[in-house]
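Each residue of the sequence shown is one higher than the one before, starting from 70 at the first, in this note's numbering.
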Amino acid sequence: MHTTMMDVPLSLNSLLERAGQLFSSNEIVSRRPDKTLVRHTYGEWYRRTRSLAAALKALGIEKGDRVATLCWNHHAHLECYFGIPAAGAVMHTLNIRLAPDEIGWIAGDARDRVLIVDDVLLPLYRQFADLHRFEHVIVYAFSGQPVPEGFTDYDALIGAADGAA
């Protein structure tokens with residue numbers, strides 16, 4: 070008898086691995102605010118996503134913890150969509166179109182432990198920073214400029230992780 074059952078569970082981690090293996094040379098293209106393009110392959114995306122998961126675990130993130138994102142639509146945010154759940158955490162996408170006090174209240178109510186934010190959205194973050202204290206604020210340099218002092222650099226964080234998560 071033929072079946073449609075798969076050999077592996079259909080989980081986010083198996084989808085992540087499949088994309089990294091079968092489509093490793095296909096490109097993911099993002100556009101920065103200055104209109105320059107950033108290109109990564111799915112193979113690079115797979116490694117960066119696994120490194121993000123490992124980095125979050127190294128920061129003490131455990132199964133069920135909430136990791137918030139305040140990002141535009143680009144490759145690093147795509148890494149978050151897979152890397153955060155791969156670490157066992159829950160991705161909590163904050164709505165950039167809400168008022169700052171609403172964003173702060175929502176982050177506090179959700180008990181988000183970590184925030185991953187685009188550098189271009191730091192002015193918005195600073196408007197609600199006093200309403201909820203994140204244990205870690207990780208900044209992705211979407212503008213291509215250096216990450217401001219006092220924040221964790223997203224690329225440096227995942228560059229230092231081993232990707233074994």
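Heads up, the beta-carbon is just placed ideally off N, CA and C, and yes, glycines get one too.
- For Ser83, the enclosing alpha helix (DSSP H) starts and ends at 81-91.
- Excluding residues up to 5 positions away in sequence, nothing lies with its Cβ nearer than 6 Å to the Cβ of Asp224 in the same chain.
- Less than 9 Å divides the Cβ of Ser99 from the Cβ of Val107.
- Ala137: not part of any alpha helix (DSSP H); member of the beta strand (DSSP E) spanning 135-139, first to last residue.
- With a minimum length of 3 residues, the unbroken runs of beta strand (DSSP E) contained wholly in the stretch 95-170 fall at 96-100, 106-110, 135-139, 159-162.
- Cβ neighbours of Ile165 within its own chain (closer than 7 Å, five residues either side excluded): Leu139, Leu190, Leu193.
- Around the Cβ of Glu148, a 10 Å sphere holds 16 or more other Cβ atoms; the residue is buried.
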